[in-house]
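Line order of the protein sequences matches chains A and B. 1 is the number of the first residue of the first sequence in this note's numbering; add one for each residue after it. 345 is the number of the first residue of the second sequence in this note's numbering; add one for each residue after it. Yeah, the Cβ is synthetic: ideal placement off N, Cα and C, and Gly gets one too. Structure first, then comments.
There are 2 protein chains.
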Amino acid sequence: MKPLSDKSINPDLPKQYRNLRSVEAYIEGILAGDRIILSQAITLIESTRPEHRILAQDIVEACLARRTSSIRIGITGSPGVGKSTFIEAFGTHLIEKGHRLAVLAIDPTSQISKGSILGDKTRMAKLASNENAFIRPSAAGDSLGGVAHKTREAILLCEAAGFDTIIVETVGVGQSETAVHSMVDCFLLLLLPGAGDELQGIKRGIVEMADILAVNKADGERLALAKRTQQEYRNALHLFPIKASGWIPSVLTCSASNNEGIAEIWQMIKDFQKFTLENGYFEHNRQEQSRHWLHETILILLRAQFYSDKSVKAHLKDIEKQVLEGKLSSSKGARELLDLFLRQ
Amino acid sequence: MKPLSDKSINPDLPKQYRNLRSVEAYIEGILAGDRIILSQAITLIESTRPEHRILAQDIVEACLARRTSSIRIGITGSPGVGKSTFIEAFGTHLIEKGHRLAVLAIDPTSQISKGSILGDKTRMAKLASNENAFIRPSAAGDSLGGVAHKTREAILLCEAAGFDTIIVETVGVGQSETAVHSMVDCFLLLLLPGAGDELQGIKRGIVEMADILAVNKADGERLALAKRTQQEYRNALHLFPIKASGWIPSVLTCSASNNEGIAEIWQMIKDFQKFTLENGYFEHNRQEQSRHWLHETILILLRAQFYSDKSVKAHLKDIEKQVLEGKLSSSKGARELLDLFLRQ
Chain A
1 MKPLSDKSIN PDLPKQYRNL RSVEAYIEGI LAGDRIILSQ AITLIESTRP EHRILAQDIV
61 EACLARRTSS IRIGITGSPG VGKSTFIEAF GTHLIEKGHR LAVLAIDPTS QISKGSILGD
121 KTRMAKLASN ENAFIRPSAA GDSLGGVAHK TREAILLCEA AGFDTIIVET VGVGQSETAV
181 HSMVDCFLLL LLPGAGDELQ GIKRGIVEMA DILAVNKADG ERLALAKRTQ QEYRNALHLF
241 PIKASGWIPS VLTCSASNNE GIAEIWQMIK DFQKFTLENG YFEHNRQEQS RHWLHETILI
301 LLRAQFYSDK SVKAHLKDIE KQVLEGKLSS SKGARELLDL FLRQ
Chain B
345 MKPLSDKSIN PDLPKQYRNL RSVEAYIEGI LAGDRIILSQ AITLIESTRP EHRILAQDIV
405 EACLARRTSS IRIGITGSPG VGKSTFIEAF GTHLIEKGHR LAVLAIDPTS QISKGSILGD
465 KTRMAKLASN ENAFIRPSAA GDSLGGVAHK TREAILLCEA AGFDTIIVET VGVGQSETAV
525 HSMVDCFLLL LLPGAGDELQ GIKRGIVEMA DILAVNKADG ERLALAKRTQ QEYRNALHLF
585 PIKASGWIPS VLTCSASNNE GIAEIWQMIK DFQKFTLENG YFEHNRQEQS RHWLHETILI
645 LLRAQFYSDK SVKAHLKDIE KQVLEGKLSS SKGARELLDL FLRQ
C-alpha cells in the first residue's frame with residue numbers, strides 16, 4: 001500500500017472517527033486506482049452510520065463527475081453452473097487483453113448466510129491477486145433494494161478508479177436478477193448442459209432478460225449434451241418477444257475449466273456493445289436505469305424518514321398492536337400513521 | 345341474482361358514480377354470501393379511482409370486524425405441473441366435504457399478459473359453476489406489492505362472505521411465492537415427477553417455504569418416477585433448517601386428473617392446521633403477517649403521497665433530467681426531492 005497523503009487524516013471529525021480519511025483523500029485514492037482506498041470507500045457506502053453515509057455521498061458525487069467509458073456485465077446462473085470458474089477464466093482473459101476488471105455481487109441470501117457469493121476467499125484466488133482486478137463480496141442488508149442500491153454506487157466508484165469492465169454476479173433466484181438487470185449494459189446467463197427442461201419453467205423470466213446465453217461445462221462427455229442444449233435454447237429464443245435493444249440474443253457454449261469459448265463470449269459482448277452504442281440503446285438504457293434508481297432511492301429515503309419520525313415512533317407500537325389483534329385493518333392502521341407523519 | 349336492497353343505490357354520490365352501491369349494500373351482500381356483490385367489492389379494491397378506494401376501505405374494515413375461522417392455503421408449482429387440474433379436483437373434494445372455497449391468484453406476469461392465471465375462463469369450469477366456489481383472476485397492477493395488497497384484502501372479503509377455505513394460487517417464479525407465503529397459513533408446492541434436479545437449483549427458496557409438497561401426475565408410466573422424486577425430496581428435506589412452526593414438511597404424491605391422493609393432501613393440511621393451532625404458531629403467524637402488511641401498506645401510501653405532492657411534481661422532471669444526464673447522482677437527486685416533500 002502506498003503512503004497516505006496529507007489529506008488522509010481528517011481533523012474536523014470527532015475523535016472516534018479520526019480513522020476516517022477526508023473526502024478528498026478518498027477521492028484522490030480512488031482516482032489514482034488505489035484498490036485499498038476504493039475498498040474502504042465501498043465500506044462507507046455499505047455502512048448504516050449517518051456520518052459514513054454523508055462521506056459516502058460526497059465521494060459518489062465526485063466520482064460521478066469523472067465520467068468514464070465502461071461496460072457493465074451482469075452474470076447469473078443456477079448454483080452449480082460454475083460461475084466462479086467462469087469469472088476467473090473470463091476475467092483473466094480480459095486482463096490479458098489490457099482491461100481492468102471489477103467483480104461485484106448481489107446476493108439476497110447473504111442476509112441469512114452472511115454472504116455466500118464471493119464471501120469465500122478461496123474463490124477466484126488467481127484473479128483476486130491480480131492488481132488489475134478488484135473483487136468485492138455482496139453487501140449485506142435488510143432488503144434487496146438496499147443491497148442493490150449499494151452495489152450500484154460501488155459500480156460508479158470502481159469506474160472512477162479506472163476499472164473499465166464491471167461484472168455484477170448474482171445467484172439464479174429471480175429477484176436479484178431483476179436488480180442486476182437494472183444496473184448492467186449486458187446480461188449473460190450461464191446454463192448447464194441438459195437443463196433445457198427448465199425453459200418451460202421457472203427460469204423463463206431470467207431467459208427473457210439475457211442478451212447472451214452460454215452453456216458452460218461443454219467438455220468431455222458433456223459436449224454432445226451441451227450442443228443439444230444450445231440448440232434447444234436457440235429454438236426456444238424464437239418464441240420470445242423482440243428485445244427493446246433490437247439485439248437478437250445468441251447462445252454459445254464454453255468450458256470455463258478448459259478455458260474454451262471464453263474469447264468468443266467476450267467478442268460477443270463487444271459485438272453487443274457496438275450494436276447498442278450505434279443504435280443508441282446503450283445510452284438510452286443507462287438513462288432509464290438512472291431514472292429507475294432515482295425512484296428506488298426516493299423510496300429508501302422516504303421509508304427511513306418515516307420510521308425515524310418522532311410522532312410515528314410514538315404511535316407505531318400501539319397501532320401495530322391493534323392490527324395484530326384484528327381490531328384495525330393494515331390499510332387503516334397505515335393511513336393513521338401516515339396522517340401523523342404528514343401533520344408534522 | 346337476488347333483488348338489490350333499498351340501500352343499493354347511493355344518492356350521496358355524484359351522478360357518474362350512481363351505479364355504485366352504498367357501503368351498507370356491499371357489506372350486506374357480502375355477509376349474505378352473494379358472489380356477485382363480493383366480486384363487485386373486490387373490483388373496488390382493485391380500482392385506482394380514489395372514490396372506489398374510499399368505499400373499498402370501509403368495506404374491508406367492516407369485513408374485518410366479522411372474524412371467521414378459515415384456512416388460507418397457498419399453492420404454487422412450475423407451469424405444466426397441473427395447478428388448474430389440481431385445484432379443480434381439490435376444490436371439488438372440499439365442497440363435497442361441506443366447505444365453501446374461494447380461489448384467488450397472484451400473477452406478477454399479468455402486468456404484461458393481462459392475466460394469464462385464472463384469466464382463461466375455460467379453466468376450472470366445473471368448480472367455477474358451483475355456488476360454493478368463488479374464483480377470481482389475479483388483479484393487475486404496476487407492482488407485485490400492490491397486486492399482493494389487493495389480494496390480501498380480497499381474502500378478508502371472501503372470509504366475511506363465508507368462504508372458509510381460501511386458496512391463493514401463483515406461478516413458480518420466485519417473487520410472487522414470497523408474497524403468497526406472507527398471506528397464507530399453509531403453503532403447498534406441486535412438483536413434477538423427475539424434476540428432482542431442480543432441488544439443487546433455483547427452486548430451493550420455494551422448497552424452503554413449503555409445508556406440504558406433492559408430486560402430481562403420479563399415474564400410469566410416470567408413477568415409478570413420481571415415487572422416486574418423492575423419495576428424493578424426502579431425503580433432501582432433511583438438509584433444510586427446522587421450520588419456525590415446528591412442522592416437518594411431508595412429501596405426498598397425487599394424480600389430480602385421476603382424482604387420486606387428493607383426500608390425503610386435504611387430510612395433511614388439516615393435520616398441519618391442528619398442529620399449528622395447538623402449538624400457537626397458527627395465530628402467531630397470522631399476527632406476523634398482519635404486521636408485515638401494515639408496513640407494506642405504509643410504503644404504498646407513502647409513495648402515493650410523495651408523487652402526488654405539488655412541490656415534488658414541480659421539480660421531478662428537472663431533477664430526473666439532471667440525473668439522466670449524469671450531472672447529479674440518483675442519491676443526491678432523491679435527497680433533493682425528499683427535502684422538497686418534507687418542507688411542506
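Exercise. Does any C-beta atom of chain A lie closer than 7 Å to the C-beta of Ala483/B?
Worked result: Answer no: the Cβ-Cβ gap between Ala483/B and chain A never drops below 7 Å.
Exercise. Measuring CB to CB, does Val667/B end up less than 7 Å from Leu684/B?
Worked result: In this structure, Leu684/B does not lie closer than 7 Å to Val667/B by Cβ.
Exercise. Given that Ser290/A touches chain B, what residues does it touch there, using C-beta distances under 7 Å?
Worked result: Ordered by position in chain B, the residues that pass the 7 Å Cβ test against Ser290/A are Val667, Leu668, Ser674.
For this session: Give me whichever residues DSSP pairs with Arg687/B in a beta bridge.
Result: The partner list for Arg687/B (beta bridge, DSSP) is empty, contrary to what the question assumes.
Exercise. Distance, Cα to Cα, Leu660/B vs Lys676/B?
Worked result: Spanning the two alpha carbons is a distance of roughly 13 Å.
Problem set entry | Closer than 7 Å to chain A by CB, Glu405/B | At least one chain A Cβ lies under 7 Å of Glu405/B.
Exercise. At a Cβ threshold of 7 Å, is Glu307/B touching chain A?
Worked result: What the structure shows of chain B is the stretch from 345 to 688, and residue 307/B is not part of that stretch, so it cannot be assessed.
Problem set entry | Three-state secondary structure assigned by DSSP to Gly80/A | It is coil, neither helix nor strand.
Exercise. At a CB-CB cut-off below 7 Å, which residues of chain B make contact with Ala263/A?
Worked result: In chain order: nothing, as chain B lies at least about 28 Å away.
Exercise. Who are the near neighbours of Ile613/B in its chain, counting only those whose CB is closer than 6 Å to its CB and skipping five residues on each side?
Worked result: Apart from sequence neighbours up to five positions away, the residues of its chain that approach Ile613/B with a beta-carbon distance below 6 Å are Cys530, ordered along the chain.
Exercise. Are any of the Cβ atoms in chain A nearer than 7 Å to that of Gly490/B?
Worked result: Interface with chain A (7 Å Cβ-Cβ cutoff): Gly490/B is excluded.
For this session: State the DSSP-derived secondary structure class of Ala449/B, mapped to helix, strand or coil.
Result: For Ala449/B, the three-state secondary structure derived from DSSP is strand.
For this session: Check Cys345/A in the structure and name its three-state DSSP category.
Result: The structure shown does not extend to residue 345/A, since chain A spans only 1 to 344, so no value can be given for it.
For this session: Let me know if Phe240/A comes out buried or exposed under the rule of 16 or more other beta-carbons within 10 Å of its beta-carbon.
Result: With fewer than 16 Cβ atoms within 10 Å of its Cβ, Phe240/A is classed as exposed.
Exercise. Quick one: is Asp451/B buried, meaning 16 or more other Cβ sit within 10 Å of its Cβ, or exposed?
Worked result: Label assigned to Asp451/B: buried.
For this session: Check whether the region 72 to 85 of chain A touches the region 228 to 240 of chain A, taking contact to mean three or more Cβ pairs, one atom from each stretch, closer than 8 Å.
Result: Three or more Cβ pairs closer than 8 Å define a contact, and the region 72 to 85 of chain A falls short of that threshold against the region 228 to 240 of chain A.
Exercise. For Val524/B, which residues of its own chain have a beta-carbon under 6 Å away from its beta-carbon, when the five flanking residues on both sides are left out?
Worked result: When the five nearest sequence neighbours on each side are left out, the beta carbons in the same chain lying within less than 6 Å of the beta carbon of Val524/B are those of Gly418, Ile450, Val512, Thr514, in order along the chain.
For this session: Answer yes or no: do Val103/A and Ile59/A have a C-beta to C-beta separation smaller than 7 Å?
Result: Contact: no.
Exercise. How many Å lie between Gln574/B and Ala409/B at the Cα?
Worked result: Cα to Cα, the separation comes out at about 42 Å.
For this session: Indicate whether at least one CB of chain B lies closer than 7 Å to the CB of Phe187/A.
Result: It does not; no Cβ of chain B falls within 7 Å.
Exercise. Below 7 Å between beta carbons: does that hold for Ala214/A and Ile155/A?
Worked result: The answer is no: Cβ separation not under 7 Å.
For this session: Round the Cβ separation of Leu646/B and Leu302/A to the nearest angstrom and send it over; I've been treating them as touching at under 8 Å.
Result: Sure, about 5 Å apart at Cβ, within 8 Å.
For this session: Specify, as a first and last residue, the run of the alpha helix (DSSP H) that Ala484/B falls within.
Result: That residue, Ala484/B, is in no alpha helix (DSSP H); it is neither H nor E in DSSP.
Problem set entry | Same chain, Cβ closer than 8 Å to Ser129/A, five either side skipped, listed in chain order | Within the same chain, Ser129/A has no close Cβ partners at all.
Exercise. Does Phe306/A have its Cβ less than 7 Å from a Cβ in chain B?
Worked result: Phe306/A counts as touching chain B.
Problem set entry | In DSSP terms, what Val512/B is bridged to | In the DSSP output, where bridge partners are listed per residue, Val512/B has Gly418/B, Leu448/B.
For this session: Note down, in chain order, each residue of its chain lying with its Cβ closer than 7 Å to the Cβ of Gly545/B, except the 5 sequence neighbours on either side.
Result: Here Gly545/B scores only 37 on pLDDT, less than 50, and its place in the model is too uncertain to base an answer on.
Exercise. How many angstroms separate the CA atom of Thr295/B from the CA atom of Arg379/B?
Worked result: The structure shown does not extend to residue 295/B, since chain B is modelled only from 345 to 688, so the question has no answer here.
For this session: Give a yes or no on whether the C-beta atoms belonging to Ile568/B and Ala562/B are separated by under 7 Å.
Result: Per the sequence presented here, residue 568/B reads as Ala, with Ile not at that position. Taking C-beta atoms as the reference points, Ala568/B and Ala562/B fail to come closer than 7 Å.
Exercise. In chain order, what residues of the same chain lie with their CB nearer than 6 Å to the CB of Gly162/A, ignoring the 5 residues before and after it?
Worked result: For Gly162/A, where only same-chain residues beyond five positions count, the Cβ hits under 6 Å are Gly33, Arg100.
Exercise. Going along the chain, which residues of the region 551 to 565 of chain B sit with their C-beta nearer than 7 Å to a C-beta in chain A?
Worked result: Close to chain A, meaning a Cβ-Cβ distance shorter than 7 Å, is no residue of the region 551 to 565 of chain B at all.
Problem set entry | Alpha carbon of Ala492/B to alpha carbon of Thr509/B, nearest angstrom | Our two residues, Ala492/B and Thr509/B, have alpha carbons roughly 18 Å apart in a direct line.
Problem set entry | 6 Å Cβ shell around Leu672/B - same chain, five flanking residues per side excluded | Excluding sequence neighbours, Leu672/B sits near Gln666.
Exercise. Roughly how many whole angstroms lie between the Cα atoms of Ser182/A and Glu260/A?
Worked result: Each residue's alpha carbon lies about 29 Å from the other.
Exercise. DSSP puts Leu535/B in a beta bridge; with which residues?
Worked result: In DSSP, Leu535/B forms a bridge with Val559/B.
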